[in-house]
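With the numbering used here, the residue at position 138 of the sequence shown is 138, and numbering never jumps.
Don't be surprised by glycine CBs; every beta carbon is placed ideally from N, CA and C.
Beneath this line is the structure, given in C-alpha cells, with notes to follow.
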Amino acid sequence: MDNPNFKSGFVALIGRPNVGKSTLLNYVVGQKVAIMSNVAQTTRNKIQGIYTTDEAQIVFIDTPGVHKPQTKLGNFMERSTLSALDEVDAVLYVVAADEKRGPGDNFIMERLKQVQKPIYLVVNKIDKVHPNELPAIVKQFEDGTVKFADVVPVSALNGNNVNALINKLVDQLPNGPQYYPSDQISDHPERFVIAEMIREKVFMLTRQEVPHSVAVDVMSVKRQDDETVHINANIIVERPGQKGIIIGKKGQMLKQIGTMARKDIEHLLGDRVYLQLWVKVVPGWRDKSAMLKDYGYRSNDY
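In C-alpha cells:
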C-alpha cells in the first residue's frame, strides 16, 4: 500500500580522508557498500548507499575525502566531492573526535558556507575519546563559519547514536517517492562494487607498498549456471615493482587477495564465485583521461 507520508531524499557525506564516512555508510546500509581501508583517499566515486524502511528512503552519496589534487584522478575526485553538495537535501559533515581541525576542514567549511540545505556536524569515533572532551572538540568547528542544523556524536564502528542520526535526517526530509526497490542497497552496477571489493583487499594486504596507483578493471562477469558466476579482472598498477608486490612470492599475495575478495563477492551476489585475477602495468594511468574513463572514473568535464 502506498504511504502518502513517505519521505525520501539525498544526503551527502563529506569529510577529510579517514574520518570514517565509509564505515558510517556501511553501518547504516547494513552491508559492505563503500570500500573500507585506513589508507587515505580510497573512496573514488560517489558510492551511493540506500537506506529504506516503510516510512522513508535515504540515498547516501559518499564523497571522496577532500584533499589537494595532484593528478587528473585527484582533480576528478575533487570535482565529484564538490558537485555532490549541490544535488542533495542534507549534508553530513563527518569529523573524527580524535583528530584536531586541520586545513582540509577549513577547505570544506569554506565550501559548506555556500550550501543552502541543512548541514549536520557528525562527530565520529567518540569511542576513542572521553565524553568530557566532546564540547572542546565540537567548539573547534562552531566558529560561526557554518550554521549547523545539529551536532550528532556517533561511533560508526560500534553503531552508537547512528539511529538517532538517521531519525533526525528522516524528520527533516521532504515527502517524496521511493527511488529504488526496498532490497537495493547501492545504485552502482555489480561490476563496480566487485571492483571496489578487490581493490579493498589490495589496500588491506599491501598496506603502504602499493598506495593509490591501483585500479581494478572487471572485464567480465558471466553466469555459468544457477549457482556459479565466473569473474575476470585486471588489477592495474603504474610500475613493474608494484606488480611484483601484488603477485607476491610464488603468487601467494595475489592468491590471498583473490581468496578474500571472493568471499565478499559471494556474499554480495549470493552465488559461488570463480575469480580470476591478473596484474597489469599501465604507466601513468592516473593522468590519462581515456584510461580514467575505462576504469570507471566517469565525468562530463575532463
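Identify every run of the beta strand (DSSP E) within the segment 194 to 244, keeping only runs that are complete inside it and at least 3 residues long; order them along the chain.
Those beta strand (DSSP E) runs which fall completely within the segment 194 to 244 and span 3+ residues are 215 to 223, 228 to 237.
Apart from the five residues on each side of it in sequence, which residues of its chain come closer than 7 Å, Cβ to Cβ, to residue 223?
Only 229 meet the Cβ criterion.
What I want to know is whether the C-beta of residue 122 ends up closer than 7 Å to one or more non-hydrogen atoms of the ligand ZN.
As for the ligand ZN, it is missing from this structure, which has no ligand bound.
Using a Cβ-Cβ cut-off of 7 Å (strictly less than) and excluding sequence neighbours within five positions of residue 179, which residues of its own chain qualify?
Once the five neighbours on either side are set aside, the close Cβ partners of residue 179 are 8, 57, 59.
Report the residue from 158, 157, 150 whose alpha carbon sits nearest the alpha carbon of residue 165.
That would be 150, whose Cα lies nearest to the Cα of residue 165.
Rounded to the nearest angstrom, how far is the Cβ of residue 198 from that of residue 235, given a contact under 8 Å?
Between residue 235 and residue 198 the Cβ distance is about 7 Å, and since that is below 8 Å, they are a contact.
Let me know the secondary structure DSSP gives residue 9 once reduced to three states.
Strand.
Compare the Cα-Cα distances from residue 105 to each of 168, 135, 142 and report the closest residue.
With distances taken between Cα atoms, residue 105 lies closest to 142.
What do you get for residue 219, buried or exposed, if any count of 16 or more other CB atoms within 10 angstroms of its CB means buried?
It counts as exposed.
How many angstroms separate the CA atom of residue 108 from the CA atom of residue 276?
Rounded to the nearest angstrom, the two C-alpha atoms are 40 Å apart.
Out of 95, 85, 98, 92, which has the shortest C-alpha to C-alpha gap to residue 111?
Among 95, 85, 98, 92, the Cα nearest to that of residue 111 is on 85.
Give the DSSP-derived three-state secondary structure of residue 173 in the structure shown.
In the structure shown, residue 173 sits in coil (DSSP, three-state: anything other than H, G, I, E or B).
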